[in-house]
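Written below as structure tokens is the structure these notes are about.
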Amino acid sequence: MSGRTRQALGVVLIAVMLWVVIYAPTPLVIYEPGLAFETEPLVQLGTGEASASHSTEARERGAFLLTTIKLTDAKYWQVIEAAWKKDFVVYSKDSVMKGKSEKDYLDLMALDMLASQNSAIEAAYIYAGIPYTTSTELVHPTNPSNQITIKAEDIGGPSAGLMFTLQSLNLLLDKDLTDGLRIAGTGTITADGRVGGIGGITYKVVAAHEAGAQLFLAPEANYAEAAAKAKELHSEMKVVPVTSLETAITAIEEAAN
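Residues in the sequence shown are numbered from 0 upward in steps of one, following numbering that gives the first Met the number 0.
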């Protein structure tokens, strides 16, 4: 084999290896911190208009922040990167999707989000003393002007329930429950206001910290892990455990005083 032939084969081999590392699909996914963003534009009352704009005055009043996890298909270069990158964890697709196709998994996440929205709206109505009825997929207040609509866009899963409830109450009670704080959090919620644990709490703590949250509401089941992560980050954000909508509101009031 001539020198030029060996050189050409070497170039081809390198090109193939680079393609595999950079572009080739893998049976793996990556979890990493997502974004923490305000719930205000996602929750609407009555007329269908957003509760308020992102004005300076609104930011000074405080805000509720929804925390998310970013889940993406992994490439081999990302798998290599995960060996030293913090909060960047690789899992097999099967372990995450439990044998479901990607479409079926995303459909399930969408259904969980819809159920979570309905529970959040019910919990807000019950806390505010607003009468309502339910149908197959909707919650209807007796007075249409109290209709809460949540537009979750492409967010999936049930863990935004608590934060959606708090934002709904901001509208229904016509008061700023944040007490001027930037409050992040997570947790499922039932119609009677019980807050449940979720997965991936550490990713959400990172997202909240990076977004400048001052208070993080963690389900009691996840509190120890969340507090440990905040300590690791040397965050000034206060992490508090909550078991219900009532304890979440009480925690906010205590943090503001």
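For glycine and all other residues, C-beta sits at the position ideal for the given N, C-alpha and C.
- The DSSP assignment places complete alpha helix (DSSP H) segments of no fewer than 4 residues inside the stretch 53-124 at 55-60, 75-80 and 92-96, in order along the chain.
- No Cβ-Cβ contact shorter than 8 Å links V42 with I197.
- Taken through DSSP and simplified to helix, strand or coil, G128 comes out as coil.
- About 19 Å separates the CB atoms of G61 and T246; that is not less than 8 Å, and the two are not in contact.
- Around the beta carbon of L244, 16 or more other beta carbons lie within 10 angstroms, which makes this residue buried.
- In this structure H208 is buried. Its beta-carbon is surrounded by 16 or more other beta-carbon atoms within 10 angstroms.
- Here DSSP, grouped into helix, strand and coil, assigns K150 to coil.
- The DSSP-derived three-state label of P24 is coil.
- Looking at the backbone, the Cα of V28 and that of L110 are separated by about 22 Å.
- With fewer than 16 other Cβ atoms from the protein chains shown falling within 10 Å of its own Cβ, E152 counts as exposed.
- Contact check for T25 against A73 passes: the beta carbons are separated by less than 8 Å.
- Taking 8 Å as the cut-off, the Cβ atoms of G186 and L216 count as close.
- When rounded, the separation of the alpha-carbon atoms in K228 and N142 is 44 Å.
- Put simply, the backbone Cα of I200 is about 7 Å away from that of E224.
- Between the beta-carbon of K69 and that of E31 there is about 5 Å, and that keeps the pair under the 8 Å contact cut.
- Sorting N117, E235 and F63 by C-alpha distance to the C-alpha of T135 places N117 at the top.
- Residue environment for K203: buried (at least 16 other C-beta atoms within 10 angstroms of its C-beta).
- Rounded to the nearest angstrom, the gap between the Cα atoms of A35 and S158 is 13 Å.
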